[in-house]
Amino acid sequence: MANVLITGGAGYIGSHTAVLLSQEGYDIYIIDNFINSEPSALRAVEKIISKCVQFSEVDLTNSEELDAVFSKNSFDAIIHFAGLKSVSESVGDPLKYYNNNISSTLNLLNSMCKYNITKLVFSSSATVYGKCETVPLAEDFPIGQTTNPYATSKFVQELILKDVALSNNLNIMALRYFNPVGAHTSGLLGEKPRGIPNNLCPYILQVLSGKLDRLNVFGDDYETADGSAIRDYIHVVDLAIGHLKAIEKLLCAESSVSYDAINLGRGVGVSVLEMIKSFESATGRKVPYKIAGRRQGDLPVSYAATDKASAELGFQAERSIEQACLDLWRYQEHLNKTGTSKEQSVREK
Ligand code: NAD
Ligand code: UFG
Numbered sequence: 141m142a143n144v145l146i147t148g149g150a151g152y153i154g155s156h157t158a159v160l161l162s163q164e165g166y167d168i169y170i171i172d173n174f175i176n177s178e179p180s181a182l183r184a185v186e187k188i189i190s191k192c193v194q195f196s197e198v199d200l201t202n203s204e205e206l207d208a209v210f211s212k213n214s215f216d217a218i219i220h221f222a223g224l225k226s227v228s229e230s231v232g233d234p235l236k237y238y239n240n241n242i243s244s245t246l247n248l249l250n251s252m253c254k255y256n257i258t259k260l261v262f263s264s265s266a267t268v269y270g271k272c273e274t275v276p277l278a279e280d281f282p283i284g285q286t287t288n289p290y291a292t293s294k295f296v297q298e299l300i301l302k303d304v305a306l307s308n309n310l311n312i313m314a315l316r317y318f319n320p321v322g323a324h325t326s327g328l329l330g331e332k333p334r335g336i337p338n339n340l341c342p343y344i345l346q347v348l349s350g351k352l353d354r355l356n357v358f359g360d361d362y363e364t365a366d367g368s369a370i371r372d373y374i375h376v377v378d379l380a381i382g383h384l385k386a387i388e389k390l391l392c393a394e395s396s397v398s399y400d401a402i403n404l405g406r407g408v409g410v411s412v413l414e415m416i417k418s419f420e421s422a423t424g425r426k427v428p429y430k431i432a433g434r435r436q437g438d439l440p441v442s443y444a445a446t447d448k449a450s451a452e453l454g455f456q457a458e459r460s461i462e463q464a465c466l467d468l469w470r471y472q473e474h475l476n477k478t479g480t481s482k483e484q485s486v487r488e489k
């Protein structure tokens, strides 16, 4: 079976993808510097797959560290998750985002070319579309009308990847994720935000756990059925399946892809108030909330056109929002029980 390098594999989406690829028989090799994750995520992956994971603690902005991994291993393909992802942090410190995200991708491309690795799946984001007039958002819409440095870093990385793919005969697929939610059904793996979460589901989970008093619903005066903003929430295990399909396609001998970008979403819009109701029915608990003003930079409605993922990858998200809420709550209860936090975890080097 093919050997797949997973950058950022200790993170939320990377760890779920690592589990699935390993369960499907792939050899996986993870690199991460734990800037936004913990070694305990790798232990959870190992527990689920009942196998040790090959891992190196590497900062992708350090080209020597990265080259050392390539010099000692042979990879058939790479999935590049590593990157910083907080929209609000990127607004406060754009250079941190440009340095980390763009340097990591440049170093990875240099190592790929040096060691003749030609296949790459890249974590892009629906944020590359920025402000578009119409939904669903389709891959042939113009990109680059970005509203924050995080999104701009993804847009720029897509441009770089396309240029290098075409000139250096690489096969690269950029997957544009919509709103990843959910957790592994085992309850052992999920997303562990630091501090007060910015994103909707992690915030609701802290409210449900009694750590935060109530949710602020950012706007109830959008032109949507209930006035709250609409997003395309996709279960993280469905996202992992999307990556599996992308890797299968890239590894397939007849693949003629040189550069392509594909949305990964459910293609279904869900409002903030609907999300609250789903959590309430999944957990049997109330989510106290108040209506707050709109959050700056938020789009009213965003959801994916899914035809391309279906046609090119044979991918269709299957898990419901209710399933995502159940899995998220199961993982939250696991965290509440084990009391795991960044402070308590022992850093393994
Ligand atoms: P995450 O923060 O949980 O995982 C990213 C991982 O990359 C972390 O483990 C982090 O430690 C690692 N990392 C970051 N910079 C690194 C570096 N220089 N060297 C080595 N490791 C590094 O995030 P996630 O939610 O799993 O997202 C994965 C990818 O998907 C990111 O590129 C993100 O921008 C993209 N994405 C995420 C979302 C989302 O809402 N979660 C949406 C769209 C796109
Ligand atoms: N929201 C609230 N209250 C909160 C948090 C969020 O009402 O406390 C609302 C937001 O206004 C928005 C929706 O919930 O309408 C979803 O917000 P998130 O912050 O969870 O997600 P975003 O759509 O803003 O962005 C996310 C990630 C990006 C990623 C993008 C992909 O943060 O990194 O999805 O579409 F790129």
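Throughout the sequence shown, residue numbering follows this note's numbering, covering 141 to 489 in sequence.
Positions of the beta carbon are idealized from the N, C-alpha and C atoms, including for glycine.
This one's a predicted model, so the numbers in the text were calculated from it and none came from an experiment.
The DSSP assignment places no complete run of the beta strand (DSSP E) inside the stretch 458-484 (cut-off: 3 residues). Boundaries of the beta strand (DSSP E) around HIS220: 217-220. Annotation for LEU355 indicates a beta carbon within 7 Å of some heavy atom of the ligand UFG.
For LEU329, no beta strand (DSSP E) run applies, since DSSP gives it neither H nor E. Shortest Cα-Cα distance from LEU206 to any of ASN173, VAL193, GLU462, SER180 involves ASN173. Contact between LEU329 and VAL159 holds, since their C-beta atoms are separated by about 7 Å, short of 8 Å.
The Cβ atoms of ASN311 and LEU249 lie no closer than 8 Å to each other. In its chain, beyond the 5 residues on either side, ALA457, GLU458, ARG459 have a beta carbon closer than 7 Å to the beta carbon of ASP378. Of the heavy atoms belonging to the ligand NAD, none sits nearer than 7 Å to the Cβ of PHE281.
Relative to the ligand UFG, TYR255 has its C-beta separated by 7 Å or more from all heavy atoms.
Listed in chain order, the beta strand (DSSP E) runs fully inside the stretch 213-260 are 217-220, counting runs of at least 3 residues. Per the coordinates, the alpha-carbon of ASP167 lies some 24 Å from the alpha-carbon of SER264.
Relative to ALA422, the option among VAL275, LYS430, CYS341 whose CA is nearest is CYS341. Between the stretch 463-471 and the stretch 290-304, the count of Cβ pairs shorter than 8 Å is below three; the stretches do not touch.
Of GLY454, GLY359, VAL261, the smallest CA-CA separation from GLY367 is found for GLY359. Pairing LYS448 with ARG354 gives a Cβ-Cβ distance that is not under 8 Å. When DSSP states are grouped into helix, strand and coil, LYS430 belongs to the strand group. Under the three-state reduction of DSSP output, VAL209 falls in the helix class. Here DSSP, grouped into helix, strand and coil, assigns HIS156 to helix. Judged by DSSP in its simplified three-state form, PRO342 adopts helix. For MET415, the enclosing alpha helix (DSSP H) stretches over residues 412-423. Here ASP199 is not bridged, per DSSP, to any residue.
By the Cβ test, the stretch 144-164 is in contact with the stretch 218-233, since at least three Cβ pairs between them sit closer than 8 Å. Contact between the stretch 329-339 and the stretch 402-418 is not established, with fewer than three Cβ pairs separated by less than 8 Å. In this structure, the ligand NAD has no non-hydrogen atom nearer than 7 Å to the beta-carbon of PHE210. Here GLY154 is buried, its C-beta having at least 16 other C-beta atoms within 10 Å.
Comparing alpha carbon positions, the residue from LYS302, ARG434, ILE374, VAL410 closest to TYR362 is ARG434. Shown here, ASN308 sits in a helix according to DSSP, grouped into three states.
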